[in-house]
Amino acid sequence: MTELALLPAVWLMTGALLSAVLTGRAREGVILLAPLLALWAVWQLPDGNLWSISYLGMTLEPLYADSLRRLFATVFCLMAFTGALFALRQSAGRELSAALAYAGGALGVCFAGDLFTLFLFWEVMAVFSTLVIWCGGGDGARQAGFRYAVLHFLGGVVLMAGIIWLGVESGSLSIRVLELTHPAAWLVLIGVLVNAAAPPFSAWVADAYPEASAGGSVFLSAFTTKTAVLVLMLLFPGTKLLIGVGLFMVFYGIVYALLENDMRRILAYSIVNQVGFMVCAVGIGTGMALNGAAAHAFAHIIYKALLLMSAGTVLWRTGRRKCTDLGGLYRSMPFTTACGIIGALAISAFPFTSGFVSKSLTSQAAADLSMTWVWLALTAASAGVFLHAGIKFPWFVFFQRDSGLRPADPPWNMRLAMGLFALLCIVLGCFPSLLYGLLPYPVDYRPYTASHLVSQFQLLLFSGLAFFALLPAMRRTLTITLDFDWLYRVPLQRVVLGVGQLLEISRAAIGQGMVSLIDRLPSPERLAPVTAPAGGMLLVLLMVLIAGMLLA
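Here's what the structure looks like:
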């Protein structure tokens with residue numbers, strides 16, 4: 000059984016390879032079948048270590064399964080299938096091949112039982128997610144993809160340094176809980192937090208994801224940040240520093256989403272906000288909190304993909320992405336509007352949607368430990384989520400003023416993909432036991448209590464009234480909002496250019512000096528008495544001197 004299932008990632012990698020060479024119906028069949036076979040493989044794996052390799056005196060475990068890893072792998076496979084269905088006939092073949100390989104890298108991280116295997120698949124994700132961004136086409140996608148690649152490969156270098164250091168110090172690369180008492184653990188944490196979009200590197204999400212194609216951004220929203228959450232759960236549960244990091248991400252995402260005019264950048268900043276809830280839950284570290292992080296990651300992948308599908312459909316049909324250019328689309332896109340609203344309600348934790356039964360686990364964990372300030376912050380943040388993703392996105396895109404645009408709903412495959420995830424948002428919200436049964440710890444929690452329902456409806460009602468009361472201030476204009484990335488995109492760029500100019504000036508000065516030196520050398524007649532070996536040595540020494548000065 001193990002030999003047949005092997006790494007579930009292999010199914011997606013094979014599908015990526017075949018889809019790159021096949022055409023027509025065969026290609027479409029492979030693209031849709033590969034995620035389903037990977038999902039089947041995920042559920043064939045029993046718990047525990049299933050494969051061991053000896054390497055440099057250490058034991059590697061490329062295939063290790065448990066309930067937590069299976070939960071993430073399951074939703075990754077669902078995402079790969081539904082995302083492929085959505086983009087099936089709207090994306091270039093190479094984009095879907097890269098997307099499947101990207102998803103395969105995420106599955107590899109899920110089942111990695113050692114840090115070396117984890118790092119290999121981590122870098123596979125970085126490579127193919129960059130390709131997905133570049134497939135968006137245009138200068139914006141090319142530049143954003145380059146910045147994305149530089150940042151993620153730098154983060155990978157930091158992660159690799161921490162892993163090597165840990166291996167040398169402990170003689171083991173096994174995945175286990177790490178304490179921040181050694182610099183190597185800090186390096187690993189920093190490398191993981193880069194992928195989680197933690198500050199000060201949060202801006203890469205809003206910089207890169209909106210530049211991908213309509214289908215590409217759906218894939219990008221699911222894997223990189225959520226694998227980071229999984230790794231944090233495996234390596235750093237209960238690390239209190241993560242509570243502060245997560246809360247910063249929560250409010251950072253809200254503020255920038257409220258300021259944003261681009262509909263896909265609104266949803267990109269919302270990703271940072273939602274991952275902040277998960278990071279905070281990992282920092283709390285109790286069984287309830289870790290269940291909350293896992294459940295929220297599962298639900299978030301589905302409703303965020305649904306939101307980005309609706310936004311991608313609008314972009315694909317209209318060619319417009321700014322809220323100031325949109326509005327009134329509900330008249331001609333009723334199905335897309337309905338799916339967008341369901342996704343908006345789910346991300347806002349509206350009762351009877353998936354967000355309601357997943358997000359409240361983290362708040363309950365904070366309350367159980369009497370973390371009053373954390374509970375208050377999460378509650379306030381929930382109101383902020385409803386403001387920017389629950390109301391702002393659907394209101395400005397599908398309602399508000401009539402933009403005069405009359406695009407039709409998308410083709411059947413895009414509607415089916417949106418419909419599947421919209422249905423999942425409602426089914427998981429109405430039957431939370433389906434989700435709770437997959438969680439790593441026993442769940443002793445009832446989301447549907449009178450007090451919880453009343454308080455959540457009050458919170459949502461207050462947020463809704465606040466939005467419409469402040470509607471004039473919420474209307475966006477064509478402005479630019481500076482983010483943390485300005486610090487390393489503008490000043491750092493100028494520093495690099497300045498250093499390059501100094502080197503060029505130095506090189507020119509050295510070259511001019513060498514020309515003057517050569518002009519002052521004696522004529523060949525005066526060098527005639529020098530013997531051949533001595534002349535050869537002199538020539539060699541002169542060439543070494545010139546090379547050394549040019550390379551200095």
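Take the sequence shown: its letter number 35 is residue 34 in numbering that gives the first Met the number 0, and every next letter is one higher.
Glycine included, every Cβ here is placed at the ideal spot set by N, Cα and C.
Please read all numbers here as calculations on a predicted model, not as lab measurements.
| said: Between the alpha carbons of Asn290 and Ser402, how many angstroms are there, rounded? | reply: 44 Å
| query | Excluding sequence positions up to five away, which residues of its chain have a Cβ less than 7 Å from the Cβ of Asn48? | reply | Glu60, Tyr63 and Gly112
| said: If the criterion is Cβ atoms closer than 7 Å, does the pair Ala205 and Ala267 meet it? | reply: yes
| query | When you compare only the Cα positions, how much space is there between Arg263 and Pro209? | reply | Straight-line measurement puts the Cα of Pro209 at about 5 Å from the Cα of Arg263.
| Can you tell which of Asp408, Trp315 and Leu377 has the C-alpha that lies nearest to the C-alpha of Ser331? | Asp408
| query | The alpha helix (DSSP H) with Tyr268 in it runs from where to where? | reply | Met262 to Ile283
| task | Can you give me the Cβ contacts of Ser66 inside the same chain, cut-off strictly under 6 Å, excluding the 5 residues immediately before and after it? | result | So the list reads Pro439, once near-sequence residues are dropped.
| query | Should Glu503 go down as buried or exposed, given a rule of 16 or more other Cβ atoms within 10 Å for buried? | reply | exposed
| query | Got a sec? Which residues, its chain only, sit under 6 Å from Leu328 by beta carbon, not counting five neighbours each side? | reply | Phe397, listed in sequence order.
| query | Under the three-state reduction of DSSP, which class applies to Leu404: helix, strand or coil? | reply | coil
| said: Assuming the contact rule is C-beta atoms closer than 8 Å, Leu219 and Ala211 should be a hit. Round their C-beta distance to whole Å, please. | reply: Yes, Leu219 and Ala211 are in contact; Cβ-Cβ is about 6 Å, under 8 Å.
| task | Hey, could you find the ends of the beta strand (DSSP E) Leu62 is sitting in? | result | Met57 to Ala64
| query | Counting pairs of Cβ atoms below 8 Å between the stretch 126-142 and the stretch 68-86, do you hit three or more? | reply | no
| query | Under a Cβ-count criterion, where at least 16 other Cβ atoms within 10 Å of its own Cβ denotes burial, should Phe461 be classed as buried or exposed? | reply | Exposed: under 16 other Cβ atoms inside 10 Å.
| query | From Ala213 to Ala86, what does the alpha carbon distance come to, in whole angstroms? | reply | Each residue's alpha carbon lies about 8 Å from the other.
| field | Own chain, CB closer than 6 Å to Ala8, minus 5 neighbours either side, in chain order | value | Gly103, Leu106 and Gly107
| request: Give the straight-line distance between the Cα atoms of Val453 and Ile340, rounded to the nearest whole angstrom. | output: 21 Å
| task | Could you have a look at Val529 and say whether DSSP puts it in helix, strand or coil? | result | Reliability fails at Val529, whose pLDDT of 43 lies under 50, so the model's placement of it is uncertain and the value that follows must be treated cautiously. DSSP places Val529 in coil when its eight states are reduced to three.
| Can you tell me where the beta strand (DSSP E) with Trp133 in it begins and where it stops? | Counting along the chain, Trp133 sits inside no beta strand (DSSP E); it lies in the alpha helix (DSSP H) bounded by residues Leu114 to Trp133.
| query | Are the stretch 141-152 and the stretch 243-258 touching, with three or more C-beta to C-beta distances below 8 Å? | reply | In this structure the stretch 141-152 does not touch the stretch 243-258; the number of beta carbon pairs closer than 8 Å is below three.
| message | Quick check: what's the CA-CA separation for Pro441 versus Ala298? | response | 18 Å
| query | Based on Cα-Cα distance, which residue from Pro198, Ala293 and Gln457 lies nearest to Val74? | reply | Ala293
| query | Is Trp315 helix, strand or coil when you go by DSSP? | reply | helix
| Can we say the stretch 306-317 touches the stretch 350-358, given the rule of at least three CB pairs closer than 8 Å? | No, the stretch 306-317 is not in contact with the stretch 350-358.
| request: Taking Tyr255 as part of the alpha helix (DSSP H), name the residues at either end of that continuous run. | output: In this chain, the alpha helix (DSSP H) harbouring Tyr255 covers Leu240 to Leu258.
| said: Going by DSSP, what residue range makes up the beta strand (DSSP E) through Ser51? | reply: Gly47 to Tyr54
| In terms of alpha-carbon separation, which member of His451, Phe466 and Pro393 lies closest to Ala337? | Residue nearest to Ala337 within the set His451, Phe466 and Pro393 is Pro393 (criterion: CA-CA distance).
| Excluding five sequence neighbours on each side, which residues of the same chain lie with their C-beta closer than 6 Å to the C-beta of Ile30? | Ser18, Ala83 and Leu95
| field | For Leu231 and Pro490, the rounded distance between their alpha carbons | value | 32 Å
| field | Limits of the alpha helix (DSSP H) - the one that Met417 falls within | value | Trp411 to Cys429
| field | Contact check, Phe420 vs Ala304, beta carbons under 7 Å | value | Contact: yes.
| What first and last residue would you give for the alpha helix (DSSP H) that runs through Gly215? | Ala213 to Leu219
| message | Assuming contact is defined by CB atoms lying nearer than 7 Å, are Ala288 and Ala196 in contact in what I supplied? | response | no
| So is Gly342 buried or exposed if we call it buried at 16+ other beta carbons inside 10 Å? | buried
| said: Assuming Gly190 and Gly237 are in contact, meaning their beta carbons sit under 8 Å apart, how far apart are those beta carbons, in whole angstroms? | reply: Not a contact, Cβ separation roughly 19 Å.
| If you draw a straight line from the C-alpha of Val167 to the C-alpha of Asp46, how long is it? | 28 Å
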